[in-house]
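Visitor:
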Amino acid sequence: MQPDAAATAHPSLSFYSAATGLYSSLHPPLPLPSDPSLSLVPHLFSHLPLHHHSLLVDAPTAATLSCADFRRLVSSLAAGLRRRLHIARGSLVLLLLPNSLTFPVAFLAVLATGAVATTMNPSSAPAEIAARLRDTAPSLVLASTHNAAKLPPLAAPLVLVPDTFQQQHDDDQFDFFFHALLETDPETPVEMGVGVGQDDAAAVLYSSGTSGRSKGVVVTHRNLIAMVELFVRFEASQYTRPARDNVYLAALPMFHVYGLSLFAVGLLSLGCTVVVMRRFNVDDAVKAIRKYKVTHLPLVPPIMSALLRANPPLELDSLLQVSSGAAPLNHTLIHHFLHAFPHVDFIQGYGMTESTAVGTRGFNTCKHKKYASVGLLAPNMHAKIVHLESGSCLPPGSYGELWLHGPAIMKEFCFVTGYLNDDDDAFTRKDGWLRTGDIAYFDSDGYLFIVGRLKDTIKYKGFQIAPADLEAVLIRHPEIIDVAVTSDEDEEAGEIPVAFVVRKSGSTLSCTHVMEYVAKQVRTRRSYTTQHSPYFLAWEHYKIIITASAQSAFLLARVSNSSKNGSLQALCPPVQINMADIS
């Protein structure tokens with residue numbers, strides 16, 4: 022994809038300053054709360070409607086929570102956590118929970134106590150959970166009843182959380198204790214978030230950032246309030262249809278910033294209905310869309326691909342809008358979707374964990390319908406397109422690294438106990454700019470297009486995988502002396518991890534053995550192959566030291582050349598490690 026010709030003329034544009042090299046939003050600035058003592062939950066509750074509309078619906082059981090129920094449960098659980106477990110400012114609570122009615126309640130209740138919440142994929146392997154527990158040293162763990170067996174011995178208290186508030190097992194002391202916490206007298210509005218202000222940490226959300234091992238992204242109450250206003254509530258204001266009439270399907274995981282920002286925080290302030298799926302499945306999603314007359318479906322490319330593969334083709338008459346984010350969407354998939362669902366408004370957006378999901382959003386209410394673009398800068402956000410070598414700011418129509426600035430940009434990175442900053446990372450704290458690691462350009466209308474990435478993370482189905490994390494797992498195998506993990510393009514997943522290993526001399530280690538070893542250490546899902554699937558490969562007498570996908574082309578070229586010389590041995594048929602599968 023090349024920039025449009027008009028953009029390369031560098032006209033005088035309202036969203037771009039040639040003097041400063043800065044891009045500004047075409048949307049007018051929005052006023053954000055100025056009270057420094059404000060925290061997220063009181064702000065959210067100030068918007069929450071008082072009527073008894075169904076705010077949350079559990080798709081498999083049809084259990085519901087009204088706005089009044091939701092407010093009461095958050096307040097009661099916060100009071101129970103504070104008074105019975107002494108969770109307060111300075112505490113960190115780990116949520117190891119699947120999508121459920123209890124997830125948003127638990128997340129917001131933790132924040133209402135003044136504590137910091139951190140989330141994790143509940144399908145994580147025991148070794149990954151143990152590592153995260155060492156990393157964060159939580160004061161409390163809230164885990165689903167399905168995950169109890171995977172938890173190691175804990176230094177912190179454990180409360181097992183059911184999927185709905187109707188579930189209660191009297192013979193399970195932990196589950197019973199959760200319900201006992203809910204019976205605590207609710208916090209008064211004055212007590213909610215007492216002693217915590219906008220600049221205090223609210224959550225630690227894990228991301229691979231731009232390089233290296235996974236690390237925690239510290240987002241503040243100010244960041245989350247900005248997300249509510251600049252992303253969710255602003256977008257709703259752009260349409261004439263009342264937001265409370267909308268029905269959203271929560272098919273994305275709430276432990277990830279995309280799902281969290283929408284289903285556990287932002288959409289709740291609108292009073293619309295959120296139908297919660299425990300885990301995405303095409304058949305269940307279609308049933309839920311039809312049963313609950315879902316109007317809005319936020320998704321990632323693999324979900325769109327799954328919907329398009331349905332046979333016979335789906336008829337989803339209630340759908341009004343589908344929005345895609347978290348990973349690039351290829352033009353072919355967009356074309357097929359527009360053909361299959363011509364009545365549905367389709368948009369893309371761009372955001373990161375480090376920007377609290379705020380960045381750009383596409384709106385097709387104007388004359389432009391640039392489906393391949395991720396949209397216009399959100400209100401109050403600024404950007405630079407930076408030359409990769411000189412560091413100079415580039416005008417519209419020029420490719421460079423995207424930098425973002427605004428009230429939603431995270432506070433800092435942490436990756437070990439104690440909120441230690443990673444000073445070597447690409448986040449520039451001195452002036453508040455976030456180096457995204459994405460290659461992009463703005464066109465002459467102010468629309469942003471993402472064309473590639475600098476960072477060496479692998480974007481698998483919207484999830485970020487750090488090559489260093491997989492390399493650390495593989496190198497612990499006693500018969501592997503060196504390893505390099507990179508990525509390859511995949512039409513469905515976006516990118517897939519590919520591992521190249523060096524065996525000890527004389528080792529007979531096979532690909533099957535390696536895959537079995539990896540499966541015990543990390544979260545893996547069903548394997549699949551494609552025509553262009555990469556090989557698991559090993560060098561007997563040759564060694565390549567490489568970081569990751571930033572040099573994957575070089576690596577694959579060396580692989581090809583070595584194969585021709587007979588020095589490269591394929592261990593098995595085409596396979597790949599598939600991580601964090603959500604389908």
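Heads up, my numbering is the position in the sequence shown plus 21, with the first residue counted as 1. Even glycine gets a Cβ: it sits at the ideal position worked out from N, Cα and C. Note that this is a predicted model, so its numbers are computed, not measured.
What is the residue span of the beta strand (DSSP E) that residue 342 lies within?
Guide: Its beta strand (DSSP E) spans residues 342-345.
Visitor: With DSSP as the reference, label residue 39 as helix, strand or coil.
Guide: Here residue 39 sits in coil by DSSP.
Visitor: Could you tell me which whole alpha helix (DSSP H) segments of length 4 or greater appear in the stretch 282-344?
Guide: Listed in chain order, the complete alpha helix (DSSP H) runs (minimum 4 residues) inside the stretch 282-344 are 303-313, 322-330.
Visitor: Tell me the DSSP bridge mates of residue 137?
Guide: Answer is 113, bridged to residue 137.
Visitor: Report the partner residues of residue 463 according to the DSSP bridge assignment.
Guide: Partner(s): 469.
Visitor: If you run the structure through DSSP and keep just helix, strand and coil, what is residue 123?
Guide: Three-state result, residue 123: helix.
Visitor: Go through its chain and collect everything with a Cβ distance to residue 41's Cβ below 7 Å, but skip five positions before and after it.
Guide: The answer is none, since no qualifying residue turns up.
Visitor: Count the other CB atoms, across all protein chains shown, that sit within 10 Å of the CB of residue 332; report buried if there are 16 or more and exposed otherwise.
Guide: Counting Cβ neighbours within 10 Å, residue 332 comes out exposed, since fewer than 16 surround it.
Visitor: Report the start-end ranges of each alpha helix (DSSP H) in the stretch 238-289 that is 4 residues or longer and not cut off at the edges.
Guide: Complete alpha helix (DSSP H) runs here, min 4: 242-248, 255-258.
Visitor: Quick one: what's residue 224 bridged to in DSSP?
Guide: 138, 240.
Visitor: Have a look at the DSSP bridge pairing and note the partners of residue 371.
Guide: Residue 371 pairs with 381.
Visitor: Please tell me whether residue 288 has its Cβ less than 8 Å away from any Cβ of chain B.
Guide: No chain B is part of this structure, which consists of one protein chain only.
Visitor: If you draw a straight line from the alpha carbon of residue 336 to that of residue 366, how long is it in whole angstroms?
Guide: If I take the Cα positions, the gap works out to 15 Å.
Visitor: Going by beta-carbon coordinates alone, are residue 297 and residue 77 separated by less than 8 Å?
Guide: Result yes, Cβ atoms of residue 297 and residue 77 sit closer than 8 Å.
Visitor: What distance in whole Å lies between the Cβ atoms of residue 178 and residue 115, which are believed to be in contact at a cut-off of 8 Å?
Guide: That belief does not hold up - the Cβ atoms of residue 115 and residue 178 are roughly 11 Å apart, past 8 Å.
Visitor: Looking at C-alpha atoms only, which residue of 289, 248, 303 is the closest neighbour of residue 268?
Guide: Nearest of 289, 248, 303 to residue 268, Cα basis: 289.
Visitor: Closer than 8 Å is the cut-off here; do at least three beta carbon pairs connect the stretch 164-171 with the stretch 251-261?
Guide: Segments in contact, no.
Visitor: Roughly how many angstroms separate the alpha carbons of residue 312 and residue 58, rounded to a whole number?
Guide: C-alpha separation (whole angstroms): 43 Å.
Visitor: Classify residue 117: buried if its beta carbon has 16 or more other beta carbons within 10 angstroms, exposed otherwise.
Guide: The residue is buried, with at least 16 neighbouring Cβ atoms inside 10 Å.
Visitor: For residue 530, which residues in the same chain have their Cβ closer than 6 Å to its Cβ, ignoring the five residues on either side in sequence?
Guide: These residues qualify, in order along the chain: 500, 524.
Visitor: Within 10 angstroms of its Cβ, does residue 492 collect 16 or more other Cβ (buried), or is it exposed?
Guide: Counting Cβ neighbours within 10 Å, residue 492 comes out buried, since at least 16 surround it.
Visitor: Could you round the C-beta distance between residue 11 and residue 467 to whole angstroms and report it? I think they count as a contact, below 8 Å.
Guide: In this structure the chain extends from 22 to 604, so residue 11 is not present and cannot be described.
Visitor: For residue 496, name the three-state secondary structure that DSSP assigns.
Guide: In this structure, residue 496 counts as helix in the three-state DSSP scheme.
Visitor: Quick one: is residue 71 buried, meaning 16 or more other Cβ sit within 10 Å of its Cβ, or exposed?
Guide: Exposed, by the Cβ-count rule.
Visitor: Taking the C-alpha atoms as reference points, what is the distance between residue 108 and residue 136?
Guide: Computed Cα separation, rounded: 7 Å.
Visitor: Going straight from the alpha carbon of residue 370 to that of residue 44, what length do you get?
Guide: Computed Cα separation, rounded: 17 Å.
Visitor: According to DSSP, simplified to helix, strand and coil, what is residue 96?
Guide: Residue state, collapsed to three classes: helix.
Visitor: Give a yes or no on whether the C-beta atoms belonging to residue 271 and residue 142 are separated by under 8 Å.
Guide: The answer is no: Cβ separation not under 8 Å.
Visitor: For the beta strand (DSSP E) that contains residue 66, what are its first and last residues?
Guide: It is not in any beta strand (DSSP E) - residue 66 instead sits in the alpha helix (DSSP H) that spans 61-68.
Visitor: Let me know the secondary structure DSSP gives residue 481 once reduced to three states.
Guide: DSSP places residue 481 in strand when its eight states are reduced to three.
Visitor: Which residues share a DSSP beta bridge with residue 77?
Guide: Its beta-bridge partners are 86, 295.
Visitor: By alpha-carbon positions, which one of 63, 402, 89, 150 ends up nearest to residue 48?
Guide: Taking only the C-alpha atoms, the option nearest residue 48 is 402.
Visitor: With 16 as the cutoff for other CB atoms within 10 Å, does residue 56 come out buried or exposed?
Guide: Exposed is the call here.
Visitor: Under a three-way DSSP split, which group does residue 173 fall into?
Guide: Reduced to three states, the DSSP call for residue 173 is coil.
Visitor: Between which two residues does the alpha helix (DSSP H) carrying residue 541 extend?
Guide: Taken as a continuous stretch (DSSP letters only), the alpha helix (DSSP H) holding residue 541 covers 532-542.
Visitor: Rounded to a whole number of angstroms, what is the C-alpha to C-alpha distance between residue 36 and residue 538?
Guide: Computed Cα separation, rounded: 52 Å.
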